[in-house]
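The next block holds one structure in the form of structure tokens; read it before the comments.
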Amino acid sequence: MDFVSIRIITGDVARLVAFYERALGVRADWATEDFAELRPAGATLAIAGTRTVPLFAPGSARPADNHSVITEFLVADVDRVHRDLSGFVTEFVTEPTTMPWGNRSLLLRDPDGNLVNFFTPVTPAAVEKFAGRGSARPVTPAHDRSR
């Protein structure tokens, strides 16, 4: 079995795709006006409109109603990501903070209120745990690719 993607259901696909394109520095691949995928290194983030929900089961998902999932992105320098996203992200839940398990994390909310965590392993154990996983390249928001 392969873990392929996470899908976020939203009432405004274009707005949420634009947010993630800018935050992640990658362009979305649009399948329809109701479905797009972003592919940062190592994963796929799918964003779908509410009109796609009945294709699975009517009422099975509601947009902007997530209270239990955090979508996480491994980055080379979480403090740089924080600087790059300041002035763009409207709600930072926490500033970069070193967590007890050894990751330095930046928690924020996307325009639908979904929690998003950018993190960098900083302790030897955390660095070892994530060694060889993904590129851990710095995320350069799309508006700031000249750096």
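Be aware that the sequence shown starts at -13, since it is given in this note's numbering, and climbs by one per residue. Cβ coordinates follow ideal geometry from the N, Cα and C atoms, glycine included.
Short of 6 Å from the beta carbon of Thr109, and not among the five residues preceding or following it, lie these beta carbons of its own chain, in chain order: Gly88.
Straight across, the Cα-Cα distance linking Arg25 with Arg69 is about 23 Å. DSSP places Pro110 in the uninterrupted alpha helix (DSSP H) bounded by Pro110 to Phe116.
Residue Phe104 holds the alpha-carbon nearest to the alpha-carbon of Glu81 among Arg8, Asn100, Phe104 and Ser(-9).
When DSSP reads this structure, Val3 sits in no beta bridge, so it has no partner. Taking Ala47 as the centre and dropping the five residues before and after it, the same chain places the C-beta of Ile(-5) and Val39 closer than 6 Å to its C-beta, in chain order.
Annotation for Phe78: the continuous beta strand (DSSP E) segment containing it runs Phe78 to Thr84. Val113 and Phe59 have their C-alpha atoms roughly 15 Å apart. The three-state reading of DSSP puts Pro107 in strand, counting E and B together. When only Cα atoms are considered, Gly(-3) and Val79 end up about 23 Å apart. Setting aside the 5 residues that flank it on each side, Ala32 is surrounded in the same chain by Ser(-9), Arg(-7) and Glu23, each with a C-beta closer than 6 Å to its C-beta; the list follows chain order. In this structure, the straight-line span from the alpha carbon of Asn52 to that of Leu94 is close to 13 Å.
Sorting Thr18, Phe(-11) and Met(-13) by C-alpha distance to the C-alpha of Ala0 places Thr18 at the top.
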